[in-house]
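Worksheet: one structure, shown below.
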Amino acid sequence: MCAETLFPYLRVAFHTEGRCDLLNGVVVGRVENKEEGMGKLHMSRRDFVKVSVVTGAAFGISALAEPSLAVADDAVDKPVGGDIKRIRTGCRGCGKMECGVIAVVQNGRVVRMEGDPTAFQSMGNCCTKSQAAIQAAYHPDRLHYPMKRTNDKESDDPGWVRISWDEAMTTIVSKFDELQARYGGESLFGMCGTSRVWCMFGASNGMYLWDSPNIVQAWQICKGPRHFATLMCSSFADSWMETVAHPDVYVAWGGASEMSNYDDSCRTTVDVATRSTTHICVDPRETNMGKEADFQLHLRPGTDGAMALAWTNVIIENNLYDELFTKKWTNGPFLVCEDMEPTGWTEASPIVMTPFELKTHLLKESDLLEDGSPKRFMVWDNLAGRLTYFDSETGFWEGEEWTKPTAGKEASQENLAPGFHQGFVIDPTPFDPEIDPALFGEFEVTLKDGSTHKVQPVFQKYADRCAEYTPEVAEEITGVPADQIRAAAMAYGTPLHPEKGYGNGGIQYMLATEHANTAIQNVRALDYLTAITGNYDTPGGQRASTRAPIEGGQMGFANNGSGMPMLSPGQMEKILGRDEIPLLYWWGMWADAAATWNAVLTGEPYPVVGAFNSSGNFMNQCNTTTTWEALKKLDFYVECNLWHTPGGGLCDIVLPAAHFLELSSPRSSQGASGAMGATVKCIDPPGEAKFDGEIIRMLYEYKGLPYNVIPGYPEYPSVEEMLDMSVAGFEPKGWKVFEQRFQEHGWWDCKETEPELWGTYRRYETGANRARNAGGFVGSQGDWLPGFYTPTKKIEIWSTVMESFHPDGEWNLPTYREPPHSPVSDPDMYKEYPLIITTGRRIPVYFHSEHRQLPWCREQWPVPRVEINPDDAATYGIEQGDWVWIETPYGKIREVADLYYGIRPGTINCEHQWWFPEFKQSGSGHELCAVNHLIDNWARDPHCGASNLRAYLGKIYKATPENSPFGNPVPCDHNGVEIIHDASDPRLKEWLPTYEGRE
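When you read off a place in the sequence shown, starting at 1, and then add 55, the result is the number in this note's numbering.
Written out as C-alpha cells, the structure reads:
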C-alpha cells in the first residue's frame, strides 16, 4: 500500500486504491476503489502502522509539501520551569458539545490542552480544535480595545481608532436611541452566531432594550428548526438524542459526528458506532465513520423526508410500533373530521406568549354537544364500541384518576463510559379505566347541528400518508434501492432486546435535515419515527436538553438580565417574514433572515437600519452576495468578537470579547449527554476585552434599565455576582465553591444531581416532562401533569398549531416536497446545471467559519475543497488538486477539486463559510469561495424560514488563467495577492502566538 502527500493541498492519499484521514486524532482508512468504495474496511495491522506513520506525519510537521513555517524555530513555547497549574475546564473550540479538558498553565501561560478523563460525555477527547485554542487565545490579531471607524464603508481600510468603553457604550446607546425614535424599534435587529453558551442570545435579546422583535441568528438553520418543530409537536428540544447511553442500533443521519457535532461527537460517537450491534449511516457521501456501517444509505441530497416516511411505512406495515405508547401518548387515536368547520379556542404560544386562534378539524366534545368542551378530544373505544375522550385541559382520559407512577427498573445499557449512570426507567402505565382507542378504521358521528360525518383516527391518516412512500417509491426519489431501505428500517425498528421494554435507540440526525425547504417536515417525520418505536425519553433515545441545577445549558448564561423588558403590544406582529411565514409570530425567536436582509435593502415592509452582532456572521444563511450588500447599507452596525471578521469591516464600532480560556461560565450539556461542569478562567483576557455577558449588562446600565430584578442581587451585578446567580441551585452556594468542587470532583452526571427531572426516563408519565419545559430551564416548574407541552398534551402527529396557521391542511401531517431546484422540480435548470450541490461537511480543524487564522489549523487544511466523484471529474477534465469554478444562476466561487469515489456520481460536496483573514481588505475575500454565494436567497422552509443550503443545481469547470482574475486560478485579493494555499506560506508565521503586550 503506497502513500504520498499531495502537494500543495496536504491530502494524505493512497495512490488510487484508497486514502486515509485524521479524525480528531483517530486514523480512519477510507477505500477509494470504485468497486470497494461502499464496503467494509479491511486493513492488516502492518498496513495500519504504515498508514498511521504517514497520517501522523501529514498532520504533524514533517510531511508537508514544504517545511511548515508555522511550527519552525520558536513557534512552540518551550517549557521554562516555574509554577504549573492544571485547570479543569470545558472546551469551546467548536460549537455546543461540552468536551471536558485540562488546561496546563505554566507561569501564567496556557502551554497545553489535554482531555479530561472525568468527562464521560466526551470520553477524554481533546481534538485538533481544542489544541489550537491556545493559538486563538494568544493570536496577534485579537481585538484588545473598543474601536470605531473613521473612514467610509467603501474603503478597504476602516481607519480604526481606539476608544474607551465609556465612549463605545455611550455611542451605541445614543445611536440606537436615535434610530428607534426615527424609525421605531423594529428598525433594529440583533445578530448572533452559534453558541459559546454566553454569547448566543445576548446581542439578540439586547435588542429588546429598543423594542425590536427582530433577531437574525444561526439558530434558524442550526438546530433551531428541530427545536421549533418539537415545541410545536411534542416538547421543546426533545430531538436531542442520548447517544452517550450506547443505543443498540446507532443511526447517524446526515452528518459526520466523528469530526464534530452539536451534541455527542468525536471519540464518543466513534465508540458508540463501534460497539453498537447495528450501525446505520444515511448520507449522500461515504463518511469516515460510515465506512464501517452495516447499512449505508447514500440518498440523493434533499430527500431525507421521503426516506424517513419510507422507514415509518415499513415500521407500521410490520407492526413494529409501540402500540400502547402510540395510543396513550400521541394524538394518533384522535378522530379527524375533515369536512366540518375547524373549531377550537384562543391559545398562547409557549415561549413569547403571543395569542392566536387554535382551530382544528380534530373532533371535540364541543363539536358534538352544545355545552361540550373544546378541549376534550374524541377517540373511538374499541372495547366499549363508543366514543370517549381525552381532556387536554386536565391532562386525563375520561374517568381517569391519575397517581404519579413510581414503579420501574434501572436501565440496562452496556458499554457506558465511567461516570455515566444508568438512570431509572418508569414502567409504561396501562389505561385506567381500561379502554382501547382505535388507531385504524372509519366511524360515523353526528355533530351538534345534526349533520353526519365520516371520521378517521389521526394514525390511520398518518399510515395512509406513509403508504405513499413505500420503499419502492422512496427508491425512485432517493436513489437508494428499496431492499436496502426496507432492511435498514427493519433493523432499526425490530427490538434487539424486548426484555428491556424500550426501543433500540433514537436517531442522531444532524444538520442536513434542517438545511432544506422542508426542514420542519423532515424533523417531524424523524421525531415521530423515533417516538412510535419506543425511543422517546428512553435510554439511548430522544431525551431533550439536559436538566441541571445550574445555568449554562440549553439557553446559556448571562445572555440577558432578569430585568429584560417585554416587547410593547403589537411589536411581535411586526416580526420580519411573518407575512410569508406565518408561524414566525407563534415562534417569535427569530425574524426570517431573508426578509430581514431584504428590508435593509428595500425598506419594505419598513426601514431596517441598525444591528448589534455578537459573534455572528452574514455567510451562514441566505445568499451571501445579498447579505453583504445589505450590511453595507446599515446606518449603524456594531460587532462584538475576538477579532476582525469579514462583516466586521463594515462596522461602525467593534468590541473585544474574551476567549473561553479567559472567562468562567457554568456549563451543562445542551444536548442529552447529561453532564454538568464549568468553563473556568485560566488566563486574563488581552487589553480591555470583556466577557460577553458583561457587555450586555453594560447596555442595560447605559440605557438606564435594570439588568437584574431578582431580590438579593445588585441591579447591575459584577461578573462574579452573575456567576453566583448562575449556580444558585447548587449546594453549597457560590461560584467559588462550585468551581472548587468541580476541580476536585470533575464532571457530574445530572442523573445524580437531578434524579427526577433528568435521572428518570419516561418523564411524560410522571409530569416531569412538562415541568422541565415550563417557564424556564433551571429548577422545577410547571404543572407536573403527565404528557407533553402541546395544546393537546400529546405528541401531535396531526399538528394543531400547524393547522391553525396553515388552514389549507397541506402540512397537518409530515410530508415530503422536492427541493426547489432539483432535477425533478426544475428540469430546465438541470439541463444547464447538471450537478447537485451539497455542503456543510465537517472538517477536523475548523468549525464553520472559525479558525482560518490559526496556523496549526490552516497549514493542515489551507484551502476549501470540493469533493467530486472521479467519473464526474473525468467528464469535466478535472484532476486532483485543480482549482475549479462552481457556478449556479445566483453566483460562482472557486474551490480545489478533491476526487473521491465516496460521493455520489452527479453530486459535488463544497466546503462552507470560507474567508481569508490574511487579506486586509473589506470582506476578507468571502466572495471568492464562500459557498452560500451560490444559493437562491428565497429558497427556504415555509414554516421556519431555514435557507435551502443544500441540494440545489450547479455546474463545475476547471479554473484556468484565461477564465480567472489576474490570470491566476488561485483566488487573489484586490491587488492580485494569492490566498494562503500551502503550508510553506510565510504569512502563517505572522499568526504565531504573541504573549507580550496583553496587559
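Note that beta-carbon positions come from the ideal geometry of N, C-alpha and C, so glycine has one too.
For this session: Please report the residue range of the beta strand (DSSP E) in which V156 lies.
Result: Here the beta strand (DSSP E) through V156 covers G155 to Q161.
Exercise. Does the beta-carbon distance from Q576 to W866 come in below 8 Å?
Worked result: yes
Problem set entry | Local conformation of W452 per DSSP, three classes | strand
Problem set entry | Ranges of the alpha helix (DSSP H) found wholly within the stretch 480-543, counting only runs of at least 4 | 513-522 and 526-533
Problem set entry | Contained alpha helix (DSSP H) runs [length at least 4] in the stretch 777-823, N- to C-terminal order | 790-800, 805-808 and 818-821
Problem set entry | Pick from I605, P882 and L983 that is closest to T808, judged by C-alpha positions | I605
Exercise. Cα-Cα, which of F244, R722 and A311 is closest to G801?
Worked result: R722
Exercise. Less than 8 Å separating the beta-carbons of W993 and H981?
Worked result: The beta carbons of W993 and H981 sit no closer together than 8 Å.
For this session: Starting from the C-beta of A537, find all residues in its chain whose C-beta is less than 6 Å away, skip the five residues before and the five after it, and write them out in chain order.
Result: P526, E527 and E530
Exercise. In angstroms, rounded to a whole number, what distance separates the CA positions of S670 and G618?
Worked result: 23 Å
Exercise. In or out: S210 buried (at least 16 other Cβ within 10 Å) or exposed?
Worked result: By the neighbour-count rule (16 or more Cβ atoms within 10 Å), S210 is not buried but exposed.
For this session: Could you pull out every unbroken beta strand (DSSP E) segment of at least 3 residues lying fully inside the stretch 225-262, listed in chain order?
Result: Every unbroken stretch of the beta strand (DSSP E) spanning 3 or more residues and falling wholly within the stretch 225-262 is given here in chain order: 243-247.
Problem set entry | Nearest to A599 (by Cα), restricted to the options P620, R281 and G616 | R281
For this session: Give the range of the alpha helix (DSSP H) segment to which D422 is assigned.
Result: Boundaries of the alpha helix (DSSP H) harbouring D422: E420 to L423, taken from the DSSP string.
Exercise. Can you name the start and end residues of the alpha helix (DSSP H) that P55 belongs to?
Worked result: Residue 55 falls outside the range modelled here, since the chain spans only 56 to 1054, and no answer is possible.
Exercise. Does the ligand GDP have even one heavy atom less than 7 Å from the beta-carbon of R164?
Worked result: Absence of the ligand GDP from the depicted structure is noted, as is the absence of any ligand whatsoever, leaving it without description.
Problem set entry | Same chain only: Cβ atoms within 6 Å of F54, ignoring 5 sequence neighbours per side | The chain is shown from 56 up to 1054; residue 54 falls before or after that span and cannot be answered.
Exercise. Can you tell me whether DSSP reads K555 as helix, strand or coil?
Worked result: helix
Problem set entry | Beta carbon of C965 nearer than 8 Å to that of I892 | yes
Exercise. In terms of residues, what are the limits of the beta strand (DSSP E) holding C965?
Worked result: T962 to C965
Problem set entry | Spatially closest choice to S1002 from P875, V166, E1017 and I963, by CA coordinates | P875
Problem set entry | Opening and closing residue of the alpha helix (DSSP H) in which E684 lies | T679 to K688
Exercise. With DSSP run on the structure shown, which of helix, strand or coil describes P1016?
Worked result: helix
Problem set entry | Three-state class that DSSP yields for P721 in the structure shown | strand
Problem set entry | Under 8 Å between C-beta atoms of F797 and P473 | no
Exercise. Taking C-beta to C-beta, are L413 and P862 nearer than 8 Å?
Worked result: no
Exercise. Anyone know if the C-beta pair for L705 and V664 falls short of 8 Å?
Worked result: Cβ atoms of L705 and V664: not closer than 8 Å.
For this session: Taking I990 as the reference, give the member of K975, S467, Q968 and S979 with the closest Cα.
Result: Q968
For this session: Check whether the Cβ atoms of L1004 and F860 sit closer than 8 Å, and answer yes or no.
Result: no
For this session: Would you mind reading off the limits of the alpha helix (DSSP H) that contains N368?
Result: D359 to E372
For this session: Consult DSSP for T585 and reduce its assignment to one of helix, strand or coil.
Result: helix
For this session: Please classify K849: does DSSP put it in a helix, a strand, or coil?
Result: coil
For this session: Please classify L1043: is it buried, with 16 or more other beta-carbons within 10 angstroms of its beta-carbon, or exposed?
Result: With 16 or more other CB atoms across the displayed protein chains lying within 10 angstroms of its CB, L1043 is buried.
For this session: With a threshold of 16 other CB atoms inside 10 Å of the CB of I933, please say whether the residue is buried or exposed.
Result: buried
For this session: Have a look at F291 and P410 and give me their C-alpha separation to the nearest angstrom.
Result: 19 Å
Exercise. Taking just the CA atoms, how far does L812 sit from F785?
Worked result: Rounded to the nearest whole angstrom, the C-alpha separation of F785 and L812 is 15 Å.
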